Structures are given as structure tokens and as C-alpha cells.
Amino acid sequence: MVRPSFVFLASLWRCPAPVLLGLAAPLTALGQTRTGTAAASHEVQPEEIHIVGRNAGPESLEDGANAARVLDLGDTRITAVNLGDVFRNAPGVTFRQSGGLGSNNQFTLNGLSGNQVPFFIDGLPIQVIGLPSDPSLVPINLLRGVELYKGVVPIEFGADALGGAVNILTYVPEETAAFLGYEVASFDTHRVAGQVAHRFTGIPLVLSARSFFDASSNDYAINVTLTDPLGRTMPGRVDRFHDGLSNYGAAARAAVVDVGWADRFEVRGFFRGQDDDIQHGVFLGARPLGAASRGQQAFGTVMRFAKRRIADWLDLDAFIAFSRTESFLTDVSTDRFDWLGNVTVSDVSPGEFTNGVEQTLTDDRFSGRINAEVQLAPDHILAMNLTPTLLRRSIDRTQVRQGRIDRDPAQTMELTGGLAYRSRWLGRIFENDLFGKFFIYDAQAREVLMGLDITSVEETYVRGGVGNALVFQPHRLLRLRASYELTTRLPEPREIFGDGVFISANPTLRPESSHNLNLSAALLDWRTPIGTIEASVWGFLREVDDLIFQRVTEFESRFVNVGSARIFGIEASLAYRLWEERIEVSGNLTVEESEVTAEEGEFAAQQGERLANRPYLYGTLQTRLRLPDVFADDDLLSFFGALRYTHAFFFLSEAFGDPGQKNTIPDQYGVDAGTAYAIDVAKDWRLTGSFEVHNVADSELFDFLRVPRPGRSFHAKFTLGFR
72 MVRPSFVFLA
82 SLWRCPAPVL
92 LGLAAPLTAL
102 GQTRTGTAAA
112 SHEVQPEEIH
122 IVGRNAGPES
132 LEDGANAARV
142 LDLGDTRITA
152 VNLGDVFRNA
162 PGVTFRQSGG
172 LGSNNQFTLN
182 GLSGNQVPFF
192 IDGLPIQVIG
202 LPSDPSLVPI
212 NLLRGVELYK
222 GVVPIEFGAD
232 ALGGAVNILT
242 YVPEETAAFL
252 GYEVASFDTH
262 RVAGQVAHRF
272 TGIPLVLSAR
282 SFFDASSNDY
292 AINVTLTDPL
302 GRTMPGRVDR
312 FHDGLSNYGA
322 AARAAVVDVG
332 WADRFEVRGF
342 FRGQDDDIQH
352 GVFLGARPLG
362 AASRGQQAFG
372 TVMRFAKRRI
382 ADWLDLDAFI
392 AFSRTESFLT
402 DVSTDRFDWL
412 GNVTVSDVSP
422 GEFTNGVEQT
432 LTDDRFSGRI
442 NAEVQLAPDH
452 ILAMNLTPTL
462 LRRSIDRTQV
472 RQGRIDRDPA
482 QTMELTGGLA
492 YRSRWLGRIF
502 ENDLFGKFFI
512 YDAQAREVLM
522 GLDITSVEET
532 YVRGGVGNAL
542 VFQPHRLLRL
552 RASYELTTRL
562 PEPREIFGDG
572 VFISANPTLR
582 PESSHNLNLS
592 AALLDWRTPI
602 GTIEASVWGF
612 LREVDDLIFQ
622 RVTEFESRFV
632 NVGSARIFGI
642 EASLAYRLWE
652 ERIEVSGNLT
662 VEESEVTAEE
672 GEFAAQQGER
682 LANRPYLYGT
692 LQTRLRLPDV
702 FADDDLLSFF
712 GALRYTHAFF
722 FLSEAFGDPG
732 QKNTIPDQYG
742 VDAGTAYAID
752 VAKDWRLTGS
762 FEVHNVADSE
772 LFDFLRVPRP
782 GRSFHAKFTL
792 GFR
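Using my numbering, read the sequence shown as starting at 72 and increasing by one per residue.
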């Protein structure tokens, strides 16, 4: 069978060159703007971006051997774009949501998704830093950039990633500064975020605090099936109800900086919470939920120390952290609702999708990490990492008819470590990173078997990994990369223990392993008489064994090992800037294939078929116009727009059923547009505002089967900053 993605590429091959250039002319991400432009000159300039604990020179992280793509959020912070939109605009990345703000989502990087790609905040695990794990809820005002690591993850993170990682970079103030941002949008959406910092005179102490609050009704219109009093069904269009969200948090930081014994010693503490109404399960079923809800509260603290050039040859970066996360579920209502929000039946069995449950799931996480770098000689470094983690989980569950059910605590212990030799040669034309990793894992739990018998389960694994990353830059305009890694990903607690309701436990889940190969070429900042051009091509291959797959029904799922799979693809991006970089047209295109290679087990029947329910052809097209000094000195007026495309894909495997009768997520076209203005209102104070329309065409967009994303929405955002 000839797959649509390759038919598409073949058609491009036959196009005349001018047509290809016209298609390629607009390629990168809305957030990937250059801080050297007039637009960014008015922004708070981001700090130097570098790997945590690494001896970084003045060059960008993108120059190094580990293939990190840096998304600078300079212009994006003043807009109503959220971090999920930034990811949608990046090559090789998909960000899918099952509804509006705060809904379930899935992030995918080069074909790997979920826990296969860990998230970090400022180099620390996201669980210990106090920002939401949902990228769309992370306040973009607080951010300065994002690092996307593709294929090879540096040992400094201490991560068991399968094929990449994401490091979100926040503003960590070292000077006195403040800002406050407010956004109001359709569907009764309000978002507020702020930060304040003060550096004391005469002592090396910086105190800072930040907070955020989001609220949305998510009451956008959807198409559903209605039932009249006689039981007859008919199509209808209604506003979603009982789908509200509130998301809030605060954090404080005290840091001693630039003293003899430390470059930085800091203590952070945080609290955050989230409350969600539950309207439906995985799909929009015939009957909505009208009373069930869930929520989460978390708090924690982290202590971090960093010092470079200890005895002129040693760098250290270390942290210890504790966090507690409590997840709540309430489903005890005896009412049943229709899509108009009316109660259709009362005084029936408690619980709309469970047997009447109130539950609190508590995770206590203890973690630490130490990174050390030894300068063996100029341009030769030995790096070491050790990262222990202990997680204990308990469940307090009450069922209306059975009373309280005690669950024995479960726990996982992980120890990851790595050793890397980094070297530069021939005046830094070559840079190489040779590394090895090890992973030790132990899980203990009690599993409920058929017949309600209970047995103790303990699983222990010891795994290793090796890899090498090489960058070769023979000319200032050309950069070539190649990398390979054999790595392991340990199952996450949620995959092993479940969540007590939506996800069933599977204590015998095995780790995944993968061979990762990556090749890329980039054209860098080519300045021509008609403008500046940047372009890149990236190819990737993932051979995954013991792939962990989430088997889903409407209200329940379970993570299982399904055998082996092969994921490969190519992505291309190009950006064109002219008129002193006031005009930028950019975009990207990704073609990704994934196929089942299992020869035994339940997925053997699908051997050679594409993995189901994942996009395989997608791209973006963006444009931005920046006009400085329009109404006043040092002001900035900008206009921007984005077009996103995702090709249709099957919800279930191609191996089964008539393709003409299959459930399909259709072709998706989404268009956003907006304008922003920034002006100095006083010395060191800057006011910005933006107005945007998302999903301009009011298209019916689906990331998941039969769960539409919001239609056309209007957004206004204002920010006041001081520095």
C-alpha cells in the first residue's frame, strides 16, 4: 500500500522549482523569533541559555553536539498564545488536546509521546518546581524560552527519556524587576500571572515570588446527538456545560548569588492547585456528565547549589527536593443529565461513571541530583551525573455503598547515572559527546487479581545505555549533526499503579528500550541582498522494544507492553527575513511513519501496519510584521498570523476493517491572527497589549476522535513590566 505521506512527497518532487520555493518560503515557529530585532530590543533580554551544569561558552546551545532546538519566546510572551500553541508551531512536534483550556493533552516529539519525553523546568524535574504539567496552563509571561532535545538527552538531566526531552526556561530574576499580565478571552476565560523580584544593595541576596490564576467555563459550542421525551434522537448544537477549570499557584525563591563559595545557592517553595469539572470520558458519548469533578493540590521545596571553576577544574550543580501531590476525584451524584444540562433521572445509583467514589491519591516524591564536570584539558571535559528518586503512593478511597477502602502504599525507587566525555577539535570545527548511562529500578505494590485475591508484586530492573553525539561545522553557514543512543525508559508511577479510577494498575509493566539515530543539516543565517535565510533538515529513526501503549475505553485505560515498533521520519524548516528583519515568513513540514514490528503477542497481527491514532503528516506556516517607532519613540506595533495543517489519520489500526468505514480524525486546518503593541509609559516601565482571533475560520477541529476543540475565540491581553 502506498501511504498518503509518500504520495504527497512524490508530488512535491515533480513540482517545478519556483513552486517548491513558494511552498518552502514560510517555515519555523511563531515563538522562534530573533532577539536582535527591533521587536525584542524592548523586551527583558533572556539570560544565556545553556545545559544545566555544563561549561558553556558564549555560543548558543544549538551550536553544541546535543541537538537542542531553542525556541526563544521574546515576541510571544506579550501575546495570548499559550505554550501548547508554541509546540504546535515547532517542527517534529504535535500537541493534541481533548477540548478547551486544561483538557487532557498529549505532547509528541519525533514520534514519541507522553512519559517517553520528560519535561523539566530550569533543568529540574517538573514535579518539584510548582508549575502545571499541562503546557497550555504554564503562564507564558513567566517564560524566556524552551529547549527541545531530540533523540539524545544529555546526562545532566538524569533522565530515563526514550528519545528526547523538553526543558522549559523561566525568568529567574537576578535584579529588581516586576511584571503583571492579564488575559480575557472567549468562553469566560481569564488568565493572570505576575512576578516580583528584589535584589538587595550591599548583600548578594535576591528575593522573588510569582503567582498565576486561570479560570474558564470552556462553554464553546459542539455538535451532539439529542434525545426528545419520546426517545427519538436528532442532531443538535449546544454549548458545553460542566466543563469549568480553575488553575492557580504561587512560588517563592531566596537566592544567594555570586559569592565566593557559590555562583548560586537558592531555596524555592511552591503551592499549586487545579479544579476541573468532568463532562465526558474519552469520547463525547450519548450521555454527558453533569456533577463529577476532579482536582489536584501540590506543594514542595527544592534546595539547589551551583558553583563553577572550583579549583579551576571542577564544576558542581546539585539539588535535593521534596514534593507532595494530592489528586482528588468525586463522583457520587445520583442525578443523570442530558446535553442541555437538564436532569433527566434522579435518585438512581450513585456515581455517573463509577460506583459512587470519593478518592484522594497522594504521591510523596523525594529526589536529588548531582552533576560534576572535570576540566581534563582545554576543550576536553569529563561529566558525571547521579540522580536518585523515591516515590511513595497511597490511596484513600470511599465508595458510597462499601465505605472506606484502604489501599496499601506502593512505591518506586529509581537510580540513574551517567558518564560523558566531551571534546572539541580543530578549532571547534568538531564537537563530540560520548556517554554511557545506567538505570536501576525497583517497584513494590499489591495487585488485585481475579476473584479479588491480593498478591504482593515486586519488580526490579537494571539496565544500561550508550550513545554518541557529533556536530561538524565546516563553514559558518553550515552545521551537520549525527547522533545515536541506545537507551531505556522506566515505567512511571501512573503507568504502574494507575490512578485508582481512570487508569488501572499494571505492576508488571516492563521498561521500554530504544535505538535512536538522528541526522541533520542546517543553513545558518545566510544574509543575501534580498533578505536573510535559515533552513534545516532533520531525519530520525526510533527502534523501540517493549513499547508501552495505553489501551483506552470510554472511562478506563491500562498501560501495557505491546512489543516492538519502528518510528522514522523527516522534518524541514525554513525562515526568511527581510527589511532589516521587520518581516519574517517561516514554517515547517514533518512526515513521520510508525509501524508495528512485533512478531508475537497481541500486536503481531498488525505487523507492518502504521501505529494507530497518531498524526503522520503535519506542518505550520507563519508570518510576522514588526513596525518600530510608529506612534512614539521606542514603541512597537506588530501583526502576526499562523496556519497549521494536520493530515487525516485513523483512530484504529489499518489492519482491521474496511478503510472506508473506519473512524478517522479528518484533515485539520487552523488559522490564528492577531496584533500587538508595546510602548514605554515611564522610565523602566513598559506596557504591552494584544488582540487575537484563534481559529479564525471557526473550523471544527479534532485532535482526538469525536472530541472537538474550541471554535473561533477572541483574546485580549495586557502586560505591565518594570526593570
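From the three backbone atoms N, C-alpha and C, an ideal C-beta is built for every residue, glycine too. A quick note: this is a predicted structure, and the numbers were derived from the prediction, not measured.
Report the residue from the options whose alpha carbon sits nearest the alpha carbon of residue i.
i, options, result
"A268", "R262, P244, V403 and N289", "P244"
"G234", "F228, E227 and G222", "G222"
"L457", "A491, V428 and Q446", "A491"
"Y687", "L590, G163, R463 and R148", "G163"
"D576", "P600, Q515 and G538", "In the sequence as displayed, the identity of residue 576 is Ala instead of Asp. If we check each option's Cα against that of A576, Q515 comes out closest."
"A136", "L505, R780 and N289", "L505"
"Y532", "R552, T559, D290 and Y555", "T559"
"R552", "V608, D596 and S761", "V608"
"L387", "E397, S420, Q446 and D347", "Q446"
"G170", "D310, Y220, L202 and G252", "D310"
"Q802", "S288, D435, L301 and V471", "Residue 802 lies beyond the residue range present for the chain, which begins at 72 and ends at 794; the question has no answer from this structure."
"D705", "H718, F720, L692 and D751", "D751"
What did DSSP end up calling residue i once you bin it into helix, strand or coil?
i, result
"T579", "coil"
"T147", "helix"
"D383", "coil"
"P480", "coil"
"L682", "coil"
"S207", "helix"
"Q177", "strand"
"P781", "coil"
"M521", "Unreliable positioning characterises M521 in this predicted model, as indicated by a pLDDT of 40, which lies under 50. The coordinate reading is nonetheless provided below. Here M521 sits in helix by DSSP."
"E651", "coil"
"G640", "strand"
"V701", "coil"
"Q350", "coil"
"V243", "coil"
"A676", "helix"
"N289", "coil"
"G185", "helix"
"I226", "helix"
"Q473", "coil"
"V403", "coil"
For the beta strand (DSSP E) that contains residue i, what are its first and last residues?
i, result
"I601", "Segment: none, I601 is in no beta strand (DSSP E) and carries neither H nor E."
"N659", "I654 to V667"
"R303", "No beta strand (DSSP E) contains R303, which DSSP labels as neither H nor E."
"K221", "L214 to K221"
"G439", "V428 to A448"
"P459", "H451 to Q470"
"T165", "V164 to Q168"
"E763", "W756 to H765"
Determine the extent of the alpha helix (DSSP H) in which residue i is found, giving its start and end residues.
i, result
"P564", "P564 to F568"
"F158", "L154 to R159"
To the nearest angstrom, how far is the alpha carbon of residue i from that of residue j?
i, j, result
"R653", "S644", "20 Å"
"L708", "T694", "14 Å"
"F191", "V237", "6 Å"
"F228", "L195", "8 Å"
"L612", "R339", "39 Å"
"I619", "Q177", "15 Å"
"S547", "V209", "According to the sequence provided, residue 547 is Arg. The question's Ser does not apply to it. Answer to the nearest angstrom: the Cα atoms are 36 Å apart."
"A138", "G658", "19 Å"
"R565", "I574", "8 Å"
"D418", "V403", "11 Å"
"R493", "H451", "6 Å"
"P306", "T241", "46 Å"
"S288", "N632", "37 Å"
"A606", "Y647", "9 Å"
Which word fits residue i, buried or exposed, when buried means at least 16 other C-beta atoms lie within 10 angstroms of its C-beta?
i, result
"W496", "exposed"
"K754", "exposed"
"W410", "buried"
"P737", "exposed"
"I274", "exposed"
"A749", "buried"
"P225", "buried"
"Q473", "exposed"
"V277", "buried"
Indicate, with yes or no, if the ligand FMN has a heavy atom lying under 7 Å from the CB of residue i.
i, result
"H269", "In terms of ligand content, the structure shown is empty, and the ligand FMN therefore cannot be addressed."
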